[in-house]
Each structure stands twice: as structure tokens, then as C-alpha cells.
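**Student:** If you're matching them up, the sequences are chains A, B, C and D in order. With the working numbering applied, the first sequence covers 1 to 255. With the working numbering applied, the second sequence covers 256 to 510. With the working numbering applied, the third sequence covers 511 to 764. With the working numbering applied, the fourth sequence covers 765 to 1018. Next up is a structure, given as C-alpha cells.
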Amino acid sequence: MISKQLLKIKSHLCIAQDTFEVVLHSPLARELKPGQFIHIALKHHMLRRPVSVANVDVGAETFTIVFKIFGEGTRALSNCKAGGDFLDAILPCGSYYPIDRLQLDHALIVGGGIGGVPPLYYLAQSLKKKGVQITSVLGFQTKSHVFYEDKFQLLGDTYVATNDGTYGAKGFVTDIITELSTDIDYYFACGPTAMLKAVTDQLETQEGYISLEERMGCGVGTCYACVVPLKEDPSKSKKICKDGPVFYANEVILP
Amino acid sequence: MISKQLLKIKSHLCIAQDTFEVVLHSPLARELKPGQFIHIALKHHMLRRPVSVANVDVGAETFTIVFKIFGEGTRALSNCKAGGDFLDAILPCGSYYPIDRLQLDHALIVGGGIGGVPPLYYLAQSLKKKGVQITSVLGFQTKSHVFYEDKFQLLGDTYVATNDGTYGAKGFVTDIITELSTDIDYYFACGPTAMLKAVTDQLETQEGYISLEERMGCGVGTCYACVVPLKEDPSKSKKICKDGPVFYANEVILP
Amino acid sequence: MTLTTTLPGLTLKNPVMPASGCFGFGKEYSQFYDLNELGAIIIKAATGEARYGNATPRVAETASGMLNAIGLQNPGVEAIINEELPFLRPFETPVIANVAGSTVEEYVKVTKAFNHSNDIHALELNISCPNVKEGGVQFGTDTELAKEVTYQVKQASKYPVYVKLSPNVSDIVVMAKAVTDAGADGLSMINTLTGMQINLKQRRPIIANKTGGLSGPAIKPIAIRMIYQVRQALDIPIIGMGGIITAEDVVEFY
Amino acid sequence: MTLTTTLPGLTLKNPVMPASGCFGFGKEYSQFYDLNELGAIIIKAATGEARYGNATPRVAETASGMLNAIGLQNPGVEAIINEELPFLRPFETPVIANVAGSTVEEYVKVTKAFNHSNDIHALELNISCPNVKEGGVQFGTDTELAKEVTYQVKQASKYPVYVKLSPNVSDIVVMAKAVTDAGADGLSMINTLTGMQINLKQRRPIIANKTGGLSGPAIKPIAIRMIYQVRQALDIPIIGMGGIITAEDVVEFY
Ligand SMILES: Cc1cc2nc3c(=O)[nH]c(=O)nc-3n(C[C@H](O)[C@H](O)[C@H](O)COP(=O)(O)OP(=O)(O)OC[C@H]3O[C@@H](n4cnc5c(N)ncnc54)[C@H](O)[C@@H]3O)c2cc1C
Ligand SMILES: Cc1cc2nc3c(=O)[nH]c(=O)nc-3n(C[C@H](O)[C@H](O)[C@H](O)COP(=O)(O)OP(=O)(O)OC[C@H]3O[C@@H](n4cnc5c(N)ncnc54)[C@H](O)[C@@H]3O)c2cc1C
Ligand SMILES: Cc1cc2nc3c(=O)[nH]c(=O)nc-3n(C[C@H](O)[C@H](O)[C@H](O)COP(=O)(O)O)c2cc1C
Ligand SMILES: Cc1cc2nc3c(=O)[nH]c(=O)nc-3n(C[C@H](O)[C@H](O)[C@H](O)COP(=O)(O)O)c2cc1C
Ligand code: FES
Ligand code: FES
């Protein structure tokens, strides 16, 4: 059940250029599933900010978020301090990768940038625990933005592309996917819409799940800010905050 | 000359209920005269907050302000920290008690509450340095609001009244003034308008100076937010931020 | 001190109610707190048929406010009556239905459909949505249209009718008088002010619809001014909204 | 990149200028920075005779904004010409005079007085001050009055005339068209929105005049929307204002 909580900040770390990893305490940590997000209120901001769950430590009742300074809200978030500060958040929000329902031996994980990589790390961890073989393809703009590559390496084969070639392969995640010769059961993708479009086109014949982003109001399904039209009937829509952010790849029309 | 500066916070102390004494560093400290104020900008607030200069240490290039939490702005001010934080302020603002021009042996100082007492402390200090005898009458609402009595005591006879009688004499400053049998050359009053009205009426036959408060916009004389009508021609006005806050007692019509 | 408030057709335990569109149909927020604690619930706008609404992005943040251009997305009045309202039955909190449309006929159709539901207690006539191409705000900025739709809806409704006024007008009192003359039982004020925000990287409006409705503390001074003006001129119940966040805000609207 | 901007009657080094009323007549802020760095200076409103303005308090703070009800206090057009404008002579920065009045005759009188000054470069016709009992905003919300005063002032003026529009209207484009038809050389947008704030302890409006004009970042989305709408409809120079604080804000108005 979703609720509003004041989360204690356990640690706060800069892990790449403008990129922060924050560990939060919550008794609800154990209920957070890969793909879900929390919706964070910030002083002097009318709208909450959605940020994905990047990992969970059930024993410690903590979970991790990873975010990058993008505008005023994420800048404020980057100024929070471990120890004294609390974060006002709604959680858990949205749908998750339904891995418990899937017949899975080998999963392809495709993540792009700050929006894509964090939730997929939690997903990869969870898949690993279930004994699923993982191949990860991560895309970043440039070397200084790269993070979590080492963590993904520990979970399976991991390939990194940067748009400007300053690290890993030069180009896009799709360039790497073309080269892959592995058989996969499902792919799981998260990142910028342009990337999701390219990946879903490329992997059209594969089963997969994608996670979407949209500007949100309520984050819980009341305001209709975050809809996405459905392929089977574009006059119908689902809400990214409540029915998503994770959708079956062929379910929705990407904007 | 007036200017906008970032002032380093040297110390920050709670001296009475919700009342704070903050020492600020500025090369302009030596130019601040008794009765003048600084106009403080606060994040997330459109309007600056006027606060009087309560003392100056020319050697250290510092000056003191004393304020009480009244609303959101003064609350934010009370959360500033010595060491790291800077205050964005315009200074020096407004007119001052013209003590260098006056023939003075004995001065009566009448201050009411948080708006009145701080600027008069700086005035009393300055008068003392010139060898003027000082009698001070300070009014507060209740005992927990009383501050700076000891400091005034060091400069001359000091009487305190509280409205509820929890400290000093019960009643108003005017009750104490009635009892005083001393001859004074000038009085200097600062505090709530109701008090200023009562005091100027009571001391009608005396020469005196009063300091006014009003909601301000610019604080430097451009916006006409803070005018007060003149006794000699009520269709004319002066600006409290620039021509005031200190006025000759019979110059202005109190609102 | 009692917070009980009596309005035409409504007895409220307290005068606090979420504004239409901010609360959906109640299900989601029932997870956060007991809906019985609310004075009333104003549900999301209902139109004659299901509406998809505008393209996304539909919201943007502004200084002490937000813009929204949802475009009256809703499942249509029949679906609301049959699928959404039953959820609110167990709660003691009165429900106000928000009625929208592109034509007077559509408003009347929605009104009549609600006559068949016993799950609501009043109608709020939304003549002020700035985010749909036709209807919506035109009704709210044209005195004659506002009168006409108020009159027709009032005639058709078995429930009291509160008319929700648009602040995007030169003279709010003229508009308030017009709908009062046309039979409104009460007013609700204010809907959003039309605004726009630019995405500086892309140099185009953030909201796909370009303009959106500005709400939040930024518009509170405008809401208070308009409510004050109408109160001075007319003796009619007013449901106040526009930037209310704290208890102090609520008091300021009295 | 050049910031030079050319407008009717004005060549600006950069498009940044303080809005009327926020800058007095320049003297005070000349202590803070070199006035030569400004693109232009719009001075405080001038009326035919000296005006005292409203009772105090005249300002109040709101969420991301402020209310003001100065009431056009100024020393009168002759005193402005003789006592204030000479101070600005040494600066290279063009001066725009803000013309106000209660009647068309007063507007024309002020306009003609400025014809005798060589210290200004353009007029801004203030038909949108919400804080005076007569005149002011009426001219700005009534299309016929706005046309009439624009026409008369334009006829009387030897300087280009920018008309400052009020946002307190149902349709800003109608108003912009009206004053353009009447001869305006340019528009300036927007003046303040009428608002009110309550002092909760005293349970009455903070501002003595009760209502005041809302300015600041709170109204920026409304300013941008209105400027956008007018730009789509008309080909006339627009001086943009309303909540501009940062360089990003300036860019957003383009
Ligand atoms: C389901 C979901 C999960 C996300 N997970 C992460 C994450 O794990 N790490 C991370 O760094 N970022 C994540 N994002 C993106 C993150 O929400 C935005 O970067 C953030 O909202 C930007 O806020 P800002 O104040 O810094 O930027 P501003 O541009 O100042 O924000 C203005 C408004 O736009 C909204 N906005 C701007 N960009 C986005 C965006 N991409 N998605 C949604 N709203 C946006 C903001 O929420 C705010 O309402 C996620 C977004 C969604 C929808
Ligand atoms: C010349 C001058 C000197 C002052 N010196 C002192 C001092 O030394 N110590 C001290 O504690 N206070 C002083 N005050 C009063 C102080 O400025 C107010 O208490 C403060 O502005 C309140 O701000 P706030 O945000 O806490 O209150 P809010 O009520 O939230 O403020 C809202 C708005 O009202 C204005 N306002 C509210 N009360 C006053 C007031 N009494 N005078 C002017 N503006 C007001 C604020 O500046 C702000 O614009 C002085 C005022 C003036 C005019
Ligand atoms: C996301 C969103 C959706 C809205 N949808 C509706 C609606 O369907 N019908 C309506 O009458 N008003 C709608 N409104 C307007 C609100 O009911 C309210 O009048 C306005 O937001 C001002 O109040 P506030 O500042 O407290 O939000 C909506 C507002 C928001 C923010
Ligand atoms: C204190 C104050 C005084 C003003 N006086 C005038 C005026 O005399 N004439 C005028 O045309 N506009 C006047 N205005 C309106 C401004 O010029 C401007 O149009 C408005 O404040 C919106 O811009 P902003 O949000 O950048 O302040 C005044 C505004 C303020 C805040
Ligand atoms: S953000 Fe409100 S419905 Fe999704
Ligand atoms: S505060 Fe602007 S003139 Fe005094």
C-alpha cells in the first residue's frame, strides 16, 4: 500500500559528474520492487520529483536512489544532507518488472543514462538472485557520466557505449545490441524515449518490458498528467505513474 | 554611499524568546549611524526585510543586529548560521539620529519592544561616548521578551515596563515617563506606532526624534511604498526608508 | 468551535475539500488518509463521452505554482456513475460532481445523467476549463454563454448547482451576477489562470497544449481578491479555492 | 552576439530595462551600478499634477510575488521634467516616460508636457494601473476607452508611444489590436494583476487600498502566455515584463 513518509537520509554520495547516490531508510523498503519509483517533495517546489529505486537492502530497511542534477529540484535534492535531513516521499509508486511471472533463463538489460541505469541495477540484482543469466548494455553521453558499470559487471556481461566515444564503444546501445549474438528470453529497457523507440524497433520480435518517463503531477494516478496511449486503441491510455512506469513493450505508443 | 553587499555572519545568538543577536562583518560598519537600518534579502522572498543597526564595532569592522521571529522572513533569518552563511543586504539605509548637531546634556531614550530597543542601544552607546547623560525607559510585552536591560543599565538609569507586569513596572513606558522628574534636553523614541503616538503626545513640549516603521519595497527611495504625511502639509510626504526612519518628532503625522 | 458548514444541498463536517481534478475520483488518496475526514469531495470533470485529453507533457512547474493542461480527460459520465462513484458510497463525505462539456447540450446531458445517480450531492458547473479547444473557458468568459449554460443546467438538475468561475475575465462581479441571475445556487472560485512556460533548451512551450492553467500559491492573491469582490456585491455561497495549502490559507478565504 | 535592440524611437545597447515604478527616476539605483549598463530606463508614472497616492501599507509579500498599491504617487509631470529628468542627462541610456492620468485630457496634458522635454525618447502609456480609483485600469480593460486614449496621446505626442497593457482582461489580443489600430507604436506587457492578501491577525486586507497589483515570478506564466498570444496575432514591437529576475527569464520572453 502506497503512503507518504519522512525518510531518513542514511548516506549521500557523489558518484559521477553531478550524479548522486543516496541511501534512505524506510520500513517500506522490503516492498519496493524493481522498476518502481518514489515521488519526492521538495521545499519551495509545487511538484514532487519522481526518482527510481536503484537498490534495496531488506535487512537494513534501506533503499538507494541515484539521480543527476538536471534542474532546480534535483539540485535541491543534491544539497540534502545525511544525518539531519529527512525526505518527504510517496512510496512505493507505480508498476514493476514482473519477473516473478516470467519464464526466464537469459535477460538482456538495456539502460540509457541517469533515467535508465538506476532502476535496471535493482532489476539486475533481483534477476541474479533468481539465477537468471544477465547481459547488460548501458549507454551514456560521455565518459564523465558513466556510473555503476562495475556493479553491473559483477552480475553478468556488461557493455558500455558513449555517444562521443570517450568511453567504451562509440555510439548507441543499439549499435552494441546489433553485435550481440546471445539468445535472450526477455529484454528490459529503460532510458530516454528516443532510445526506447530504437530498442523496441530493433527487438521487435523479442518479448520485453520498458519503463517510461513523463512529467508528473500527483504521481499516484489522480490527475491524468502522465498518460500514454495504447497500441490496441490509441483513444485509450494508461497512466505512467500508476499503471506504469513499466509497460509491456508492445502495449504503448511511445511519444 | 549605499550599496549591496554579502555580509559574513560572525556570530548568531538567541538572547531572549525568539530573539536573536547576529554580528555581521562589513567594511562599511564604520559608516553605520544610530537609527539606520540594513535591508536584508532572503531566498524565496520577494521583499527585503528592514532591520536596525543595534551596535557597531569599528575596529572589528562588524556590527550587530537584533531581531525577533515575527513571520516567515525573520524565521528564515533566525536559521542562518555563523561561519558558512552570508547575508545579502543593502546598507546603510535611511536617516539617523542627528546627535552631532544637537546641544545635549541629558537625553531620554524611550524604546518599545523588538522594533524599538535595538536601534536605541546603538544610539545610547554613541551618546555615552559624547558624555551625554542618559535615562532609558524600555517597554516590553512580557518578561520573556525583555532583553538588553543590563546593557542599558551600564549606560545610565534604566527603567523597564512590561504590559502584563511580569517584570519591572506594570504598564506602558508612558506610565514610567510620568514618574520621571529629570530634566531632559531631547528625547529619542522608537517602537510601535501606538507607543510613539502616546510618547509624542506626552512629551509634546519637548524636542525629540522618533523612528518609524512601515512595510517597505525597495528600501532606498524609488518605489514610494513607505511614505508618511507631513504635519505642515499633509498632501506632501516623506519616505521612511530614505528620508526616515528617523524624523523630528513634530515633522510627521503618525498613521 | 464547530467547523460544520452548511451550503445548499450540502452539510459539511468541515469546510475543507479537494478541488476538482486534484483528487481523481477518490480511490488513490483513500490509501493515504480516511476520506471521511474531508468536508466534501469534488470529483474530476465529467463529460458526455470519454475524453482522451491533450498530448503530454501536461504539467509544468512555475514559481509557487504549476501549469496543467489535462484537457478534461475522463471516462465519460456513464462510466463515472457506474464505475467510479460506487467506491465513494461507504464514506460519509458528500460528493460534488464536476460537469463539463463543449456545448450546452453536452452540459445538459451530463447533468441529466447525474440525476440518475444517488451517489452525489451537488453539481459544480465547470465553465472555466482553459485547456480545451471548444467550450470550457469560452463559457466562462462570455457572460451570455455563461448565463445560458447555467440556466439550462439548473433547469435540468435535481441537485444544487455551483458554478465554477474563470478568473480570466475583466470583471468577475459581472460574471458572478450573470450566473447568479441564471439560477446558480452557489459559486466556486477560482479555476486556473491561463499561463505558459517555455522550455529554454528547446525554445518552445513546455506543455504540449502550449498554454495551461496556472494554480497554486502564486494565484492565491488573485483568488482572494475576486472572492472579496464577489462577496461585497452578492449574497451567495462561495466555495473558495486557489492556492490553498495550509490551514492559514483556509482562514484567509473566509 | 550583439544585444543591440532597435525599437521605434529607441536604440538599446541591450534589451534590459527596469519596469516603471521599480526604479523611481534613477537617482537611487545610480549608487548601486552604472545606469549606462541598462538598455533603457522607464521612469515612474507622471500625472498632470502631483499625487499623494494611497494610504500605507502599500506593499505586501505573496508567494513568489508582491502586491503594491502605490496609487501613482509622483511629483507631477512638470516637476519630473524640471527636477528629475536632468539627473539622467549625462547617461547614454534612453529614457521612457510613463504617462498616467484619470481622464483622457490629463493623459494628453502629460503627453504635451513631455513634448517640451528633450530628456526622454519614448512614452509608455500607462492605461493599466489597478491602484487608482478612477482612470488607470478602466482605460486598460475597456477597449473603447483604451482606443480613445491611445489615439489622443499618439496625436499629441512627438515621441513614439508604447501602450502598457493590463492583464486583467478576458482577451488580451482584442485589447492589443484595439490600441494598435489606434496608433500605438509598440506595446509593453504586462502590468500587474489585481490581487489581495489578508492579514490573518487583523482579519483585514494587508494593503490599505485593500487590493494591489500582483507582480513578480508568480505572474510570469501569465505574462508569457499573453505576450505569446499577441505575438501570434500582431506584428508590433513588445517590451516584455512580469517576473523577470534572471537572465533565463529574459530569454523566456523572446
Ligand atoms: C518514473 C521516473 C523515474 C525516474 N527516475 C530517475 C532516477 O532514478 N534518477 C534520475 O536522476 N532521474 C530520474 N527521473 C527523472 C527525474 O524525475 C527528473 O530529472 C527530475 O524530475 C527533474 O527535476 P528538476 O527539478 O531537476 O528539473 P526541472 O526541469 O527544473 O523540473 C521541472 C519539472 O519538470 C519535471 N521533469 C523534468 N524532467 C523530467 C523527467 N525526465 N521526467 C519526469 N519529470 C521531469 C520535474 O519533475 C518538474 O516537475 C525519473 C523520472 C520518472 C518519471
Ligand atoms: C526601519 C525598520 C527597522 C526595523 N528594525 C528591526 C529590528 O531591529 N529588529 C526587528 O526584529 N525588527 C525590526 N523591524 C521590523 C522587521 O522589519 C519586521 O519584523 C520584519 O520585516 C517581519 O518580516 P517577516 O517576514 O518575519 O514577517 P511577515 O509578516 O511574514 O512579513 C511580510 C512582509 O511584511 C513586512 N513587515 C512585517 N512587519 C513589518 C514591520 N514591523 N515593519 C516593516 N515591515 C514589516 C515584511 O518586511 C515583509 O515584506 C524594523 C522595521 C523597519 C521598517
Ligand atoms: C491537475 C489539475 C486538474 C484539474 N482539473 C480540473 C477539472 O477537471 N475541473 C475543474 O473544474 N477544475 C480542474 N482543475 C482546477 C482546480 O479544481 C482548481 O480550481 C485550481 O487548480 C485552483 O486551485 P488550487 O490552486 O488549489 O489548485 C484542475 C487543476 C489541476 C491542478
Ligand atoms: C512598486 C511598484 C510600482 C509600480 N508603479 C508603476 C507605475 O508607476 N507605472 C506603471 O506603468 N507600472 C508600474 N508598476 C508595474 C511594473 O512596471 C510592471 O509592469 C509590473 O510590476 C510587472 O513586472 P515585474 O513582475 O517585473 O515587477 C509598478 C510595480 C511595482 C512593483
Ligand atoms: S502524475 Fe497524476 S495521474 Fe500520473
Ligand atoms: S521602500 Fe521604496 S520608497 Fe521606501
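Beta carbons: idealized from backbone N, C-alpha and C, even for Gly. Everything numeric in this text was worked out from a predicted model, so none of it was measured.
#1: Just to confirm the assignment: which complete beta strand (DSSP E) runs, minimum length 3, are found wholly within the region 822-876 of chain D?
#2: Consult DSSP for H145 of chain A and reduce its assignment to one of helix, strand or coil.
#3: For D88 of chain A, does the three-state DSSP call read helix, strand or coil?
#4: Taking 8 angstroms as the cut-off, is the beta-carbon of I580 of chain C closer than that to any non-hydrogen atom of ligand 3?
#5: I need the boundaries of the beta strand (DSSP E) containing A632 of chain C, first residue and last residue.
#6: Take G722 of chain C as the anchor and find which of C:L520, C:G563, C:E634 has the nearest alpha-carbon.
#7: Using C-beta distances below 8 angstroms, list every residue in its chain close to D945 of chain D, excluding the 5 sequence neighbours before and after it, in chain order.
#8: Would you report the Cα separation of I114 of chain A and T826 of chain D, rounded to the nearest angstrom?
#9: Would F341 of chain B be called buried (16 or more neighbouring beta carbons within 10 Å of its own) or exposed?
#10: For T158 of chain A, list the residues DSSP reports as bridge partners.
#11: Can you give the Cα-Cα distance for L261 of chain B and F796 of chain D, rounded to whole angstroms?
#12: Given the structure, does N636 of chain C come close to ligand 3, in the sense that its CB is under 8 angstroms from one of the ligand's heavy atoms?
#13: To which residues of the same chain is I508 of chain B closer than 8 angstroms at the C-beta, ignoring the five residues directly before and after it?
#14: I'd like to confirm something about T603 of chain C: is its beta-carbon nearer than 8 angstroms to some heavy atom of ligand 6, or not?
#15: For the pair the region 569-584 of chain C and the region 617-628 of chain C, tell me if three or more CB-CB distances fall below 8 angstroms.
#16: Looking only at its own chain, which residues have a Cβ that is under 6 angstroms from the Cβ of A819 of chain D, when we skip the five neighbours before and after it?
#17: Whole angstroms is fine: what's the gap from V277 of chain B's alpha carbon to K239 of chain A's?
#18: What is the DSSP secondary structure of V58 of chain A, counted as helix, strand or coil?
#19: Considering only their Cβ atoms, is the gap separating I9 of chain A from K68 of chain A smaller than 9 angstroms?
#20: Using a C-beta to C-beta distance shorter than 9 angstroms, which residues of chain B count as neighbours of Q795 of chain D?
#21: Could you tell me whether the region 976-992 of chain D touches the region 696-710 of chain C, using the rule of 3 or more Cβ pairs below 8 angstroms?
#22: Exposed or buried, which one is E593 of chain C when buried takes at least 16 other CB atoms within 10 Å?
#23: Going by Cα to Cα distance, which pick from B:A444, B:G476, B:S436, B:C478 is closest to P289 of chain B?
#24: Rounded to whole angstroms, what is the Cα-Cα separation between Q583 of chain C and I590 of chain C?
#25: What residue does the alpha helix (DSSP H) around V943 of chain D start on, and which one ends it?
#26: How many Å lie between G472 of chain B and V569 of chain C at the Cα?
#27: Taking the alpha-carbon positions, what's the I746 of chain C to H300 of chain B distance?
#28: Please list, in chain order, all residues of the same chain as R75 of chain A whose beta carbon is under 6 angstroms from its beta carbon, the five residues on each side excluded.
#29: Relative to the C-alpha of A249 of chain A, which candidate in A:K4, A:D243, A:Q206 has its C-alpha closest?
#30: Spell out whether any CB of chain C is found under 9 angstroms from the CB atom of T826 of chain D.
#31: Spatial neighbours of I402 of chain B within its chain, please: CB distance less than 6 angstroms, with the 5 preceding and 5 following residues excluded, ordered by chain position.
#32: Hey, is M706 of chain C's beta-carbon within less than 9 angstroms of any beta-carbon in chain D?
#33: What residues come near ligand 2, if near means a beta carbon less than 5 angstroms from any of its heavy atoms?
#34: What are the boundary residues of the beta strand (DSSP E) that P119 of chain A is part of?
#35: Can the beta-carbon of T174 of chain A be found closer than 9 angstroms to that of A198 of chain A?
#36: Taking 8 angstroms as the cut-off, is the beta-carbon of A555 of chain C closer than that to any non-hydrogen atom of ligand 3?
**Tutor:** According to the data block:
#1: Within the region 822-876 of chain D, the complete beta strand (DSSP E) runs of at least 3 residues are 823-826, 829-832, 859-863.
#2: To locate residue 145 of chain A, count along the first sequence from 1; it is residue 145. In the displayed model, H145 of chain A falls within a helix according to three-state DSSP.
#3: By 1-based counting over the first sequence, the position of residue 88 of chain A is 88. Strand, per DSSP.
#4: Against the third sequence, residue 580 of chain C aligns to sequence position 70. When distances are taken from the beta-carbon of I580 of chain C to the heavy atoms of ligand 3, the shortest one is below 8 angstroms.
#5: Taking the third sequence and counting its residues from 1, the one referred to as residue 632 of chain C is at position 122. In this chain, the beta strand (DSSP E) harbouring A632 of chain C covers 632-636.
#6: Locating residue 722 of chain C in the third sequence gives position 212, where the first residue counts as 1. The option with the nearest alpha carbon to G722 of chain C is C:G563.
#7: Counted from its first residue, the fourth sequence places residue 945 of chain D at position 181. The beta carbon of D945 of chain D is closer than 8 angstroms to those of K911 in its chain, skipping five residues each way along the sequence.
#8: Position 114 of the first sequence, counted from the first residue, corresponds to residue 114 of chain A. Position 62 of the fourth sequence, counted from the first residue, corresponds to residue 826 of chain D. If I take the Cα positions, the gap works out to 36 angstroms.
#9: As a position in the second sequence, residue 341 of chain B is number 86, starting the count at 1. By the Cβ neighbour-count rule, F341 of chain B is exposed, with fewer than 16 other Cβ atoms within 10 Å of its own.
#10: Along the first sequence, one-based indexing puts residue 158 of chain A at 158. According to the DSSP secondary-structure assignment, T158 of chain A is paired through a beta bridge with A:S136.
#11: One-based indexing of the second sequence puts residue 261 of chain B at position 6. One-based indexing of the fourth sequence puts residue 796 of chain D at position 32. When rounded, the distance between both Cα atoms is 14 angstroms.
#12: By 1-based counting over the third sequence, the position of residue 636 of chain C is 126. Yes; taking the cut-off as 8 angstroms, the Cβ of N636 of chain C has a heavy atom of ligand 3 nearer than that.
#13: As a position in the second sequence, residue 508 of chain B is number 253, starting the count at 1. Contacts found: V483, P484, L485, K486, P489.
#14: The residue you call residue 603 of chain C lines up with position 93 of the third sequence. For T603 of chain C, the shortest C-beta to heavy atom distance toward ligand 6 is 8 angstroms or greater.
#15: A contact is defined here as three or more CB-CB pairs under 8 angstroms, and the region 569-584 of chain C fails this definition with respect to the region 617-628 of chain C.
#16: Numbered from 1 along the fourth sequence, position 55 holds the residue referred to as residue 819 of chain D. Correct list, in chain order: A972.
#17: In the second sequence, residue 277 of chain B corresponds to position 22, counting from 1. In the first sequence, residue 239 of chain A corresponds to position 239, counting from 1. Cα to Cα, V277 of chain B sits roughly 51 angstroms from K239 of chain A.
#18: Numbered from its first residue, the first sequence carries residue 58 of chain A at position 58. Coil.
#19: Counted from its first residue, the first sequence places residue 68 of chain A at position 68. Counted from its first residue, the first sequence places residue 9 of chain A at position 9. Contact: no.
#20: Here the question's residue 795 of chain D lines up with position 31 in the fourth sequence. Simply M256, I257, S258, V475.
#21: A contact exists between the region 976-992 of chain D and the region 696-710 of chain C.
#22: One-based indexing of the third sequence puts residue 593 of chain C at position 83. Its Cβ having fewer than 16 others within 10 Å, E593 of chain C is exposed.
#23: One-based indexing of the second sequence puts residue 289 of chain B at position 34. It is B:A444 whose Cα lies nearest to the Cα of P289 of chain B.
#24: Position 73 of the third sequence holds residue 583 of chain C. Position 80 of the third sequence holds residue 590 of chain C. Our two residues, Q583 of chain C and I590 of chain C, have alpha carbons roughly 12 angstroms apart in a direct line.
#25: Counting from one through the fourth sequence, the residue named residue 943 of chain D turns up at place 179. Membership of V943 of chain D in the alpha helix (DSSP H) is indicated by the continuous run 936-945.
#26: Your numbering for residue 472 of chain B matches position 217 in the second sequence. Your numbering for residue 569 of chain C matches position 59 in the third sequence. Approximately 33 angstroms, taken between the alpha carbons.
#27: Numbered from 1 along the third sequence, position 236 holds the residue referred to as residue 746 of chain C. Numbered from 1 along the second sequence, position 45 holds the residue referred to as residue 300 of chain B. The straight-line gap separating the alpha-carbon atoms of I746 of chain C and H300 of chain B is approximately 36 angstroms.
#28: Numbered from its first residue, the first sequence carries residue 75 of chain A at position 75. Same-chain partners within the cutoff: I69.
#29: In the first sequence, the residue the question calls residue 249 of chain A occupies position 249. Minimum Cα distance to A249 of chain A is reached at A:Q206.
#30: As a working note, residue 826 of chain D is residue 62 in the fourth sequence. At a cut-off of 9 angstroms, the C-beta of T826 of chain D has a neighbouring C-beta in chain C.
#31: Along the second sequence, read from residue 1 onward, the residue named residue 402 of chain B stands at position 147. Just to set this straight, residue 402 of chain B is Phe in the shown sequence, not Ile. Excluding sequence neighbours, F402 of chain B sits near I270, A271, T274.
#32: As a first step, residue 706 of chain C must be located in the third sequence, where it is residue number 196. Yes - at least one Cβ of chain D is within 9 angstroms of the one on M706 of chain C.
#33: Taking every residue with its beta carbon within less than 5 angstroms of a heavy atom belonging to ligand 2 gives, in chain order, B:F292, B:L302, B:R304, B:P305, B:V306, B:S307, B:F322, B:K323, B:F325, B:G326, B:E327, B:G328, B:T329, B:I369, B:G370, B:P373, B:E468, B:R470, B:P500, D:E825.
#34: By one-based count along the first sequence, residue 119 of chain A stands at place 119. P119 of chain A -> not in any beta strand (DSSP E); alpha helix (DSSP H) instead, spanning 113-129.
#35: Along the first sequence, one-based indexing puts residue 174 of chain A at 174. Along the first sequence, one-based indexing puts residue 198 of chain A at 198. T174 of chain A places its beta carbon less than 9 angstroms from that of A198 of chain A.
#36: Position 45 of the third sequence, counted from the start, is the residue given in the question as residue 555 of chain C. True, at least one ligand heavy atom lies under 8 angstroms from that Cβ.
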